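Okay, so the sequence shown: first residue is 16 according to this note's numbering, each after it adds one.
Note that beta-carbon positions come from the ideal geometry of N, C-alpha and C, so glycine has one too.
In this text, all values refer to a predicted model and were calculated from it rather than measured experimentally.
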Amino acid sequence: VVTTSVLDIIIKKLKKENLSFPYSAVISGLIIGSIASFEDPLYVPLLAAIVAILSKHVIKYKVYHVFNPATFGLLASFLLFSRFDSWWAAVPYLIPFLVIISWKIRKLWLSITFLIAYVLLTYFTDNLRLQAFTDFLSLPYYFAFIMAVEPKTTPSTRNQQIVFGISLAILLFLLAFVFRLPYAIFISLLLTNLGYFVYRIKS
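Okay, structure coming up:
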């Protein structure tokens, strides 16, 4: 969080932008810290934090960001150091708070649509068991309600959120369960971000 916040302020200062509390940078730092493993060396989340903020300021078109910063930073760091995600903060008792967060930023349609499409795709292809209550608790809620709904890289209207959520679920299903691709959850989100970015600049 310190790394993302300080770097974001420095870059804004260099670009002579108005300085304000770096809310988005803090959130990116929290997400990175909650997904990187405690067993990783410190330079793994630090590099993820640096890449996240650089991607936010560099990979953009006008006011449009292309990629979810935290996701981009994590994927870059994991690929470089051959590390994997931990998701240690994705615990069941946080689910109500995650839902509230998604609702407060008006992205609940995206989150719910993604989860429904994901469950249907994985359940009816025998990639998901829903035989006990604990099976429902193991669904990717943290991803759906926190990572996937980054405000700058996702749509705000209901219909567009529905399309985004379904597209994300399909991509994740294909990459994770059909092609068995490592880091599928990160790649699928970044590709969906890219698709939405292309749609926005062409609209």
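Can you tell me whether residue i is buried or exposed? The criterion is at least 16 other CB atoms within 10 Å of its CB, across all chains shown.
{"i": "Y157", "result": "buried"}
{"i": "W103", "result": "exposed"}
{"i": "Q176", "result": "buried"}
{"i": "I115", "result": "exposed"}
{"i": "N33", "result": "exposed"}
{"i": "F36", "result": "exposed"}
{"i": "A147", "result": "exposed"}
Can you find the residues in the same chain that come closer than 8 Å, C-beta to C-beta, to residue i, ignoring five residues on each side of it along the sequence?
{"i": "V66", "result": "F87, G88, A91 and S92"}
Which residues bound the alpha helix (DSSP H) around residue i?
{"i": "S20", "result": "V17 to L29"}
{"i": "I200", "result": "A199 to K217"}
{"i": "K119", "result": "I110 to K119"}
{"i": "N33", "result": "Counting along the chain, N33 falls outside any alpha helix (DSSP H), and DSSP gives it neither H nor E."}
{"i": "I74", "result": "No alpha helix (DSSP H) holds I74; DSSP gives it neither H nor E."}
{"i": "S126", "result": "L123 to Y138"}
{"i": "D55", "result": "Element bounds for D55: n/a, residue is neither H nor E."}
{"i": "Q175", "result": "R173 to F188"}
{"i": "V41", "result": "Y38 to I50"}
From the options, pick the residue whose C-alpha is nearest to that of residue i; which is it?
{"i": "L162", "options": "P107, P84 and G210", "result": "Here residue 162 turns out to be Met, not Leu, going by the sequence shown. Comparing Cα-Cα distances from M162 to each of P107, P84 and G210, the minimum goes to P84."}
{"i": "S20", "options": "F194, F96, I42 and R173", "result": "I42"}
{"i": "T140", "options": "S117, V193 and A105", "result": "V193"}
Could you name the residues of the same chain whose beta carbon sits closer than 7 Å to that of residue i, not counting the 5 residues immediately before and after it, in chain order?
{"i": "T128", "result": "Q176, I177, G180 and I181"}
{"i": "L145", "result": "Y138 and F151"}
Would you check if the distance between the CB atom of residue i and the CB atom of residue j is smaller than 8 Å?
{"i": "P107", "j": "L152", "result": "yes"}
{"i": "V78", "j": "L125", "result": "no"}
{"i": "I13", "j": "A132", "result": "There is simply no residue 13 to check, as the chain begins at 16 and stops at 218 in what is shown."}
{"i": "I47", "j": "D100", "result": "no"}
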